[in-house]
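> With our numbering applied, the sequence shown corresponds to residues 9 to 68, in that order. For each residue, glycine too, the CB sits at the ideal point set by N, CA and C. Here's a structure for you.
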Amino acid sequence: MTNDLDQSVEFYTDVLGFSIFSRIEMAEAGLSAVFVEKDGSKIELMKCRGKNVPERSEGV
């Protein structure tokens with residue numbers, strides 16, 4: 009989960025060399041997702057919007 013999907017996608021593609029292979033927008037659920045891949049590894053980057061977004065911890 010990310011607060012800034014565009015920034016995360018830019019990091020994975022421009023810095024780490026991943027390629028985007030799919031995007032999903034689920035407006036009714038307030039969810040956006042971008043799927044990236046590199047060398048057989050696939051990662052899903054997600055952002056939630058709306059009223060039912062869970063609070064985030066500070067992270068690691």
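#1: Taking Cβ to Cβ, would you say residue 19 is nearer than 8 Å to residue 45?
#2: Starting from the C-beta of residue 51, find all residues in its chain whose C-beta is less than 8 Å away, skip the five residues before and the five after it, and write them out in chain order.
#3: Is DSSP giving residue 39 helix, strand or coil here?
#4: Could you name the residues of the same chain whose beta carbon sits closer than 6 Å to that of residue 69, not counting the 5 residues immediately before and after it, in chain order?
#5: Taking the alpha carbon of residue 29 as the point to measure from, which residue in 23, 9, 38, 48 has its own alpha carbon closest?
#6: Looking at C-alpha atoms only, which residue of 23, 54, 22, 24 is the closest neighbour of residue 37?
Per the coordinate set shown:
#1: Counted from its first residue, the sequence shown places residue 19 at position 11. Counted from its first residue, the sequence shown places residue 45 at position 37. Contact: no.
#2: Residue mapping note: residue 51 aligns to position 43 of the sequence shown, counting from 1. Here the set comprises 20, 26, 43, 44, 45.
#3: As a position in the sequence shown, residue 39 is number 31, starting the count at 1. Three-state result, residue 39: strand.
#4: Lying before the first or after the last residue shown, residue 69 is absent from the chain, which here runs from 9 to 68.
#5: The count along the sequence shown starts at 1 and reaches residue 29 at position 21. Minimum Cα distance to residue 29 is reached at 48.
#6: Taking the sequence shown and counting its residues from 1, one reaches residue 37 at position 29. Of the candidates 23, 54, 22, 24, the one whose C-alpha sits nearest the C-alpha of residue 37 is 54.
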